[in-house]
Structures are given as C-alpha cells and as structure tokens.
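From first to last, the protein sequence lines stand for chains A and B.
In this text, residue positions in the first sequence follow our numbering: the first is 1, and each later residue adds one.
In this text, residue positions in the second sequence follow our numbering: the first is 1001, and each later residue adds one.
Even for Gly, the Cβ is constructed at its ideal location relative to N, Cα and C.
In this text, all values refer to a predicted model and were calculated from it rather than measured experimentally.
Working notes, structure below.
Protein chains: 2
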Amino acid sequence: MKKRRISKVIKIGKVTIGGGAPIVVQSMTKTDTRDAMSTINQIKELEECGCELVRVAVPDKEAAQALPAIKKGISIPLIADIHFDYHLALMAITAGVDGLRLNPGNISQPDKVSAIVRAAREKSIPIRIGVNAGSLPKTVNPELTTARQMVAVAMEQIRFLEELDFDLIKVSLKAFDVPTTIEAYYHIAEKIPYPLHIGITEAGPPKSGIIRSVAGISPLLYMGIGDTIRVSLSTHPREEVIAAYEILKSLNLRQHGPVLVSCPSCGRAEVDIISLAAEVEEKLIQINKPIKVAVMGCIVNGPGEARDADIGIACGKGRAILFKKGKKIGVVEEGDYIEVLMREVEGF
Amino acid sequence: MKKRRISKVIKIGKVTIGGGAPIVVQSMTKTDTRDAMSTINQIKELEECGCELVRVAVPDKEAAQALPAIKKGISIPLIADIHFDYHLALMAITAGVDGLRLNPGNISQPDKVSAIVRAAREKSIPIRIGVNAGSLPKTVNPELTTARQMVAVAMEQIRFLEELDFDLIKVSLKAFDVPTTIEAYYHIAEKIPYPLHIGITEAGPPKSGIIRSVAGISPLLYMGIGDTIRVSLSTHPREEVIAAYEILKSLNLRQHGPVLVSCPSCGRAEVDIISLAAEVEEKLIQINKPIKVAVMGCIVNGPGEARDADIGIACGKGRAILFKKGKKIGVVEEGDYIEVLMREVEGF
C-alpha cells in the first residue's frame, strides 16, 4: 500500500480535509432541499451513522432560502451543490454554508466565477471544483482521452481560482467509467497540492453501484489518493455512508464499529454458517466499538482466523471453540453460539 | 490501468486460465458434497448465472465417492478442494475431477504431495496451491510479515512441484486483511510464471463481504494481476458469481449482461429516480446481452451520461428525453418511462 499523498489542508466547518487527516466520509441528501424539515431529518439520520460532511443540491432560489434553516438544524458541516446559476452560490455563502461545490462544466464565465470566489474568500469557505465526465464544457479539446479532458477542465478552473489568490480548493473528477476515473485522479494528484474528493458517479442502484464504487475507490486509496470519499448510490444516503466506512475499514484506513470475519461455508461446514453469520451481523449493528469478530465454520481456517480476531468462534460438530484475543477461552454448545459470542463482544 | 500480467496457460477441463485469456469466474458449493443431487442442483444454478469453474469441498471418503456422480451431472469443470488427507486427493483424481486445490498449510509432507503430483501429472490435472493466512504451517519464519509468510509457503510448495517436473500450477494467497492479500499477490506475481487465482478469504456476509472482496480484488486487477477470481461470501454462491462479474464489468475486463448507469438522486431530481432505477434494474435481470442503460434524474449530468449509454433516459419535469447511441430519439411522458425504455432495450 502506497504512502498517502499529503495534500494541503483545508477546513470545511470544523472538519479537516487533507494533510494526512483521517479520510472524511460524506454523502448528499435526496430530499427536496426546499423542504428544510425533511432535509434536516435526513441529515440527522446521516449524522447518526457517521456521516461527517453533507452536501445538498441548491437548484433554485427557494432551495437557497432554505439553507439557513437547514444549517441551524444540523451538526455536521453543510456544502451547497451549485450548477448553472452563480447567484445561488452567492446566496448559499450568505446563508452560512461551510463549503461550495461548483461544476466548471456549467459555471465557467470568469466574471461569475470571480464573484463567487471573492465572496467565498471573505468567509474562508472552501470550494470544490467538481468535474463530472457527463457534463464537460464544450470548449475542452476533444482529442484528449476523457480522463485527460477532465484533468484539463479542472486545471483551468484551479488556475483561475489561484489567480484570484484563492487556495481553499478541493477537487473531484468523477466518471461512471472506473478506469477513466482512476486515470484522471492519478494524473491530477501529481499536478496539484489540493485535497481530492474521490468517488464514482452515477454508479447505480445498491448492488452493482456499490461494487462499481469500490472498484474505483479502492485502487485510488491503495495508491494513497483520496482525502474524502462519497459512495454515490441510487438509494437512501445512509447506505452510502455505511459503504464508505466498509471500504475504509477494509483498507485499515479508518475504524468504525465492528468488523465481521465469516467463512463463506462449503461442503466442509458442520453448522449453518450462513444463518449464523447473518444473525451475528444483525446483532453487531448495535455495537459501536471497533472490534473484530470471527464466525468460522470448520477446522481448516477456523481456529486460525478466529484466533486473529478479538472474539471468535470456530464451529465443529455440535460445539464450537471460543477465542478471545488469540486465546481459547472455552467450548460452547450448539444453540448457545450467538448468546455466548455476543456476551463476550459486549464485555470486550 | 496496467497491462495484464501474462502468465503461463493452464487448462482446467475446457476452460483456459492465464496467458491473457478472459478472467475466469469461479465459485464453490455450500451443499454437503456427499449429497450429490443437492450439489449438482446448486452447480446447475451457478452455471445458469455464468459460473465457469466450480469447486467442491472433499472432507471425507464419502464426499470423494460422490464426485463421479457430481461430475456426470454438471457441464462446467469440477475442482476438488482437499485438506489434511492426501488419499482424498488421489480418490478425486481417479473420480475424474478437472482440477485440485491443495492447502500447503495442511498437506506438506513430501511423500504425500509427490503421490498426488504423480497422479495429477498422469491425467494432466492442474493443482492450485491455495495458501490461506488462517492456516499457515508452523514451519514458516514468524519474523516475516504475514504477506511474506504466505509467499514463502507458496514458493516452497511450487519449487517442490517443479522438482517433480510438474508445472500445471495455479496459485492463490488469500487473507481476510486486504492490504496483506494485495501485498502477497504483488510479490508472488513477480516471482513465478503461473496463473493466479485471486480473492479475499472469509470476507463475511454479503454487504460487508462484497465491499471487502472488491476492495482487495479491484486494486489487484487494476495492477494487471489475476487470471481467475472468486468472491467468497457467507451466502448463496450465486451472489458470488454475480458480484465477480460486476467487478470485471466495472473494470471493463469482461462483458456480462447489462450495465446500469443511474444517478444517486439529489434535491435536484424531478422524478423518483431511486424507485425508477430499482425497477429498471429488476427488469434488466431478464436481459442477457451486454448493453449500457442509463436512468438519469436531472439535466446536469443526465443528458451527458444518457448520451454515452446504448439506451438512456434523462428525466425532467413530467417528461424525459430518450437517447439511443448518443442520439435523442424521442420524448417520453412520465408513466411511460419504464415501458418505453425496456422496449428500446429489448429491440437493441
């Protein structure tokens, strides 16, 4: 695993991004932003499952007017997502948002961008330059690969902000195509000192969307690239946050609640490991501490993996060996597996 | 994306592995192998969803005796998974299996391994040396990192097989820990010419298990490493096969049925994109051809992404634009979205 790329640090509200800070998990609301109450409620749900930054779309004036109420009702920093209309960005800044996301594909006229930048600079509000393969400006050189086009669009906008003496910049370069996205981030990571927000755009509904997102985000994180992530899924944003933490946990980049090791089961299993693992997974949702739990179905890898966990059981015929921090601490009768395991987990 | 590592070619039954052949998707049965009928039925389900190789655990004599019946009842090559008892490997070879998987952590005595190798060589049956972090032999140098221990164990076994003039070798080095797994494969990929079977072991139940598996498999594939993959999940093996194809599709390494692009929805969406995408995803299960379908909720990236798809709709207020191969081919009224989209998909 490559060392993390150390970027400039920016702060969005009280959350630090870049410079080796923990990788920040963010999401976006799917409510009508004009409906402040629904939006606040959804953000509160996101806060509960660990979302650290939230973005809301601001498609019109009425949505911008709802921002002060939303800001007041939530605890995590609020980012306004702006397209087309620079007035909405100015309204969002006045409303007290903590960050802005602009799409250079549809706000690129110099006078409009500089009006936004001046207002953002005054309040020290970072701007994410969020390039999206689906909305590149027509001015970009069509002979470049899509990844290079995305980089070119971002670089032009970054240079423009820098000329205005603005450096509270974060950049994203998202595409649906995974190799395109990775290539784009890889190139821009070498060119600029700013933190990168990574993700795959329009990845789809949960199943295929999670796989596509992880397929793109994991190689980037493995290369040391990425300061904040969002998993975009066509479903409730809670699932985006849960998936983001699972990625970070898989790469040992963040701790966030339990990790469950369980064998896939095979013709060797002497217990219904699939039901057992599903039941333990369900019960672990209530556990808020970082703990590694193993539920293993046989003697091949069972004791080895269970031993490596904080608490584990390796099931044999009618009974299981219970492990705690690498030590065998008991034998459990079938029927008591879950109760005993969870008692140990709770007491750990 | 790095060029694929070109390995030696081996054949498991009629399936080619390595040498730049398409990456092969495999799974493992979770039935009792001794129950040939249930095992055949599960393998048939796997064949239907595209599984190309199947492995069965052979924990005892009775399981080995069921192998001829299983082999007869299925169409894809059969691999016997053997631990501890080398007699079972010999029985499996006699039974006509197409491949063997041995764990050097528990079959390492030279005379036993050479008995297996001689029998396999006679029938040109490849052997996977399947090292697992949870079952490393006690003889390995404990001062090495886990990844290096896994490589050392595999190398010792590989050398032993080579000395017996056997080179129908495939290797896997699986751990639950993702960075450990990637590191192990990365090192062995440089040392040996044999094809690699990649995966994360004991990854867990579907949700977290899929994310952990993709988090490990995708960086490897991105580095060009991996000739066959298995996603190990504590659930029905069908889900393992579906997930494997989603990974390969995400990295443009295989085509396999439709790809669905859909936006995550936000405060800008003018249609319930989450339900719409879920309904389209459900209907696409019936579609067997490789086709890229887009369901987009607004005008920001909608037309761009929908245009890039084979068939797409970009939904506005009460109506959507229908795209086919980058061209706008019509306007659809709300209520007709799915019917019209699916008609176009079926006729594509």
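- Query: How long is the line joining the alpha carbons of aspartate 1081 of chain B and valine 1058 of chain B, rounded to whole angstroms?
  - Reply: Whole-angstrom Cα-Cα distance: 6 Å.
- Closest residue to methionine 1037 of chain B among B:Ala1021, B:Ile1023, B:Pro1022, B:Ala1069 (Cα-Cα distance): Out of B:Ala1021, B:Ile1023, B:Pro1022, B:Ala1069, the CA that lies nearest to the CA of methionine 1037 of chain B is found in B:Ala1069.
- Identify the residues that DSSP records as bridge partners of methionine 296 of chain A: which are they? Residue pairing of methionine 296 of chain A in beta bridges, as defined by DSSP: A:Ala314.
- So what's histidine 1087 of chain B in DSSP terms, helix, strand or just coil? Three-state result, histidine 1087 of chain B: helix.
- Unbroken alpha helix (DSSP H) run spanning isoleucine 287 of chain A, endpoints: Premise fails: isoleucine 287 of chain A is in no alpha helix (DSSP H) and is neither H nor E.
- Cutoff 9 Å: glycine 1302 of chain B Cβ touching any chain A Cβ: For glycine 1302 of chain B, the closest Cβ of chain A is nearer than 9 Å.
- CA-to-CA distance, serine 234 of chain A to asparagine 103 of chain A, given in whole angstroms: Rounded to whole angstroms, asparagine 103 of chain A to serine 234 of chain A spans 21 Å at the Cα level.
- Message: Closer than 8 Å is the cut-off here; do at least three beta carbon pairs connect the segment 1275-1285 of chain B with the segment 223-230 of chain A?
- Response: Counting Cβ pairs under 8 Å, fewer than three are found: no touch.
- Are any of the Cβ atoms in chain A nearer than 9 Å to that of glycine 1326 of chain B? No Cβ of chain A is located within less than 9 Å of the beta carbon of glycine 1326 of chain B.
- Message: I want to see whether chain A comes within less than 9 Å of arginine 1268 of chain B, judged by CB atoms only; does it?
- Response: Interface flag for arginine 1268 of chain B against chain A is set, since a Cβ pair is found closer than 9 Å.
- Query: What are the boundary residues of the alpha helix (DSSP H) that includes glycine 1013 of chain B?
  - Reply: Judged by DSSP secondary structure, glycine 1013 of chain B falls outside any alpha helix (DSSP H); it is assigned neither H nor E.
- Beta-carbon of valine 261 of chain A versus every beta-carbon of chain B: anything under 9 Å? For valine 261 of chain A, the answer is yes, since a Cβ of chain B falls inside 9 Å of its Cβ.
- Query: Would you say phenylalanine 1176 of chain B faces chain A, with C-beta separation under 9 Å as the test?
  - Reply: For phenylalanine 1176 of chain B, the nearest beta carbon of chain A is closer than 9 Å to its own beta carbon.
- Query: When the Cα atoms are used, what is the spatial distance from threonine 181 of chain A to alanine 147 of chain A?
  - Reply: Answer to the nearest angstrom: the Cα atoms are 7 Å apart.
- alanine 241 of chain A - DSSP class collapsed to helix/strand/coil: Before going on, a small fix: residue 241 of chain A reads as valine here, not alanine. In the three-state reduction of the DSSP assignment, valine 241 of chain A falls in the helix class.
- Task: Could you tell me which chain B residues have their CB closer than 8 Å to the CB of lysine 30 of chain A, listed as they occur along the chain?
- Result: For a Cβ distance threshold of 8 Å, residue set Pro1264, Ser1265, Cys1266, Gly1267, Ala1269, Ile1274 of chain B lies close to lysine 30 of chain A, ordered along the chain.
- asparagine 1301 of chain B: buried (16+ other C-beta within 10 angstroms of its C-beta) or exposed? So asparagine 1301 of chain B ends up on the buried side.
- Query: With distances taken between CB atoms, is the gap from tyrosine 1364 of chain B to isoleucine 1311 of chain B smaller than 9 Å?
  - Reply: In the structure as shown, chain B begins at 1001 and stops at 1348. Residue 1364 of chain B is therefore absent and cannot be evaluated.
- Would the segment 112-132 of chain A and the segment 1315-1322 of chain B be scored as touching if the rule is three or more Cβ pairs under 8 Å? Cβ pair count under 8 Å is below three, so no.
- Query: Going along the chain, which residues of the segment 1219-1232 of chain B sit with their C-beta nearer than 7 Å to a C-beta in chain A?
  - Reply: Cβ contacts with chain A come from Pro1219, Tyr1222, Ser1232.
- Task: Report yes or no: is there a C-beta of chain B within less than 9 Å of the C-beta of isoleucine 79 of chain A?
- Result: Chain B, which has no Cβ nearer than 9 Å to the Cβ of isoleucine 79 of chain A, makes this no.
- Item | Interface flag, alanine 139 of chain A vs chain B, CB-CB below 9 Å | Per the sequence shown, the amino acid found at residue 139 of chain A is threonine instead of alanine. Chain B, which has no Cβ nearer than 9 Å to the Cβ of threonine 139 of chain A, makes this no.
- Message: Distance cutoff 9 Å, beta carbons only. Does glutamate 305 of chain A sit that close to anything in chain B?
- Response: Output row for glutamate 305 of chain A: interface = yes.
- Check each residue of the segment 1243-1254 of chain B: if its Cβ is closer than 7 Å to any Cβ of chain A, include it; give the result in chain order. Residues Ala1243, Glu1246, Ile1247, Ser1250, Leu1251, Asn1252.
- Message: Taking the alpha carbon of leucine 1276 of chain B as the reference point, which residue from B:Lys1289, B:Gly1267, B:Asn1288, B:Leu1260 has its own alpha carbon closest?
- Response: Checking every option, the nearest Cα to that of leucine 1276 of chain B belongs to B:Leu1260.
- So which residues on chain A does methionine 1091 of chain B lean against when the C-beta distance must stay under 9 Å? Going along chain A, no residue has its Cβ under 9 Å from methionine 1091 of chain B, so there is no contact; the nearest lies around 15 Å.
- Message: Could you give the first and the last residue of the continuous alpha helix (DSSP H) run that contains glutamate 357 of chain A?
- Response: No answer is possible for residue 357 of chain A: it lies beyond the span of chain A, which begins at 1 and ends at 348.
- Checking contacts by CB at 9 Å: is histidine 1197 of chain B closer than that to chain A? Using beta-carbon distances, histidine 1197 of chain B does not count as an interface residue toward chain A, since no partner is under 9 Å.
- Excluding the 5 residues preceding and the 5 following proline 1206 of chain B in the sequence, name in chain order all residues of the same chain whose CB lies nearer than 8 Å to its CB. Closer than 8 Å at Cβ, skipping near neighbours: Leu1233, Ser1234, Thr1235, Glu1239.
- Task: Indicate whether proline 1179 of chain B and leucine 251 of chain A have their beta-carbon atoms separated by less than 9 Å.
- Result: Yes, the Cβ-Cβ distance between proline 1179 of chain B and leucine 251 of chain A is below 9 Å.
- DSSP on aspartate 1081 of chain B, reduced to helix/strand/coil? The three-state reading of DSSP puts aspartate 1081 of chain B in strand, counting E and B together.
- Message: Could you tell me the alpha carbon to alpha carbon distance between lysine 289 of chain A and alanine 1309 of chain B, rounded to whole angstroms?
- Response: Going from the Cα of lysine 289 of chain A to the Cα of alanine 1309 of chain B covers about 43 Å.
- Message: In whole angstroms, give me the CA-to-CA distance for leucine 1067 of chain B and alanine 294 of chain A.
- Response: Looking at the backbone, the Cα of leucine 1067 of chain B and that of alanine 294 of chain A are separated by about 31 Å.
- Query: Taking glutamine 1065 of chain B as the reference, which of B:Ile1192, B:Ile1093, B:Glu1279, B:Met1342 has the closest Cα?
  - Reply: Minimum Cα distance to glutamine 1065 of chain B is reached at B:Ile1093.
- Task: Using only alpha-carbon positions, find the residue among A:Arg4, A:Ala21, A:Lys2 that is nearest to isoleucine 10 of chain A.
- Result: For the options A:Arg4, A:Ala21, A:Lys2, the alpha carbon positioned closest to that of isoleucine 10 of chain A is the one of A:Ala21.
- Query: Of all the CB atoms in chain B, is at least one closer than 9 Å to the CB of cysteine 49 of chain A?
  - Reply: For cysteine 49 of chain A, the answer is no, since every Cβ of chain B falls outside 9 Å of its Cβ.
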